[in-house]
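In the UniProt record's numbering, the protein residues as written are 1 to 180. Note that beta-carbon positions come from the ideal geometry of N, C-alpha and C, so glycine has one too.
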Amino acid sequence: MPKPITLLVEGESDRGALVALAPRFGVDLEAEQITVTAIGGAGNFGRAIAEAAAQGHRVGGLYDEAEERFVAGALNRQEGEDLTRQGFFACRPDLELELARAMGVAAMTSLLEANGDLKTFRDFQNQPAHRDHEALDQVRRFVSATGSRKARYAALMAETVPFEAAPEPMAGLLGWIWSN
């Protein structure tokens with residue numbers, strides 16, 4: 001019988017996105033004994049990896065590229081090393097931008113409109129702090145502005161991103177499940 005798998009992510013929005021995308025890749029998390037765990041920030045990777053490994057689980061995960069030092073250290077690797085063989089995939093710079101980039105501004109605008117947030121987004125775009133940013137960065141900042149919005153849109157983006165455009169870190173992690 002295969003080992004249970006624990007997939008570690010930094011926060012609830014990452015967890016929601018991964019759980020939403022997994023079935024689209026043919027991954028039945030429950031049937032495959034896969035747990036997706038939000039660890040409450042990158043600084044907790046060391047503890048979370050050790051705990052899951054001590055339970056006999058294979059361990060993989062997603063992390064934001066700025067937090068690589070925590071993952072590399074927990075895996076006894078150097079920053080800059082390829083951590084994908086150990087099952088850890090970097091989002092550049094973070095999962096929200098990976099998903100927004102994969103969807104594109106037009107699809108993101110449609111998603112915001114379908115969820116009643118287009119007017120609020122347009123107001124956000126016109127604020128002095130945001131108006132000079134590119135549209136893709138504006139979408140990312142808007143989606144990430146509040147924890148509840150971030151979690152909701154991460155899952156919605158993962159459900160609607162075209163399959164062939166799924167962000168590489170997410171696709172890589174879901175593919176890693178079948179390795180070994």
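Query raised in the report: Cβ atoms of Leu7 and Leu18: under 8 Å apart, would you say?
Result: Contact: yes.
Report task. Measure the beta-carbon distance from Glu96 to Arg58 and round it to whole angstroms, keeping in mind my assumption that it falls under 8 Å. Result -> Not a contact, Cβ separation roughly 27 Å.
Query raised in the report: What do you get for Arg15, buried or exposed, if any count of 16 or more other CB atoms within 10 angstroms of its CB means buried?
Result: Buried, since its Cβ has 16 or more Cβ neighbours within 10 Å.
Query raised in the report: Name the DSSP bridge partner or partners of Thr35?
Result: Paired residues: Thr6.
Report task. Look at Asp174 and Phe25 and say whether their C-beta atoms are less than 8 Å apart. Result -> Checking the sequence shown, residue 174 turns out to be Leu, not Asp. Contact flag set, yes.
Query raised in the report: For the candidate residues Arg131, Cys91, Arg101, Tyr153, whose alpha-carbon lies nearest to that of residue 255?
Result: Coverage of the chain is limited to positions 1 through 180, which leaves residue 255 absent and any answer about it impossible.
Query - Residue(s) in a DSSP beta bridge with Leu90 - result: The displayed chain sequence assigns Ala, not Leu, to residue 90. Ala90 pairs with Tyr63.
Requested in this report: Compute the Euclidean distance between the alpha carbons of Thr35 and Ile5, then round it to the nearest angstrom.
Outcome: Their Cα atoms are separated by approximately 6 Å.
Query raised in the report: Taking the C-alpha atoms as reference points, what is the distance between Arg131 and Gly80?
Result: A straight-line Cα-Cα distance of about 34 Å links Arg131 and Gly80.
Query raised in the report: How should residue 252 be labelled, buried or exposed, when 16 other C-beta atoms within 10 angstroms of its C-beta is the threshold for buried?
Result: For residue 252 there is no data in the structure shown, the boundaries of the chain being 1 and 180.
Query raised in the report: Based on the DSSP secondary-structure assignment, which residues constitute the bridge partners of Arg58?
Result: Per DSSP, the beta bridge partners of Arg58 are Ile5.
Query - Beta-carbon separation (whole angstroms), Leu62 vs Pro169, contact threshold 8 Å - result: Here Leu62 really is in contact with Pro169; their C-beta atoms are around 6 Å apart, less than 8 Å.
Requested in this report: State the DSSP-derived secondary structure class of Asn44, mapped to helix, strand or coil.
Outcome: Helix at Asn44.
Requested in this report: Specify the secondary structure class of Gly172 as computed by DSSP and reduced to three states.
Outcome: Three-state result, Gly172: helix.
Query raised in the report: Can you check whether the CB of Glu65 is closer than 8 Å to the CB of Ala90?
Result: Less than 8 Å divides the Cβ of Ala90 from the Cβ of Glu65.
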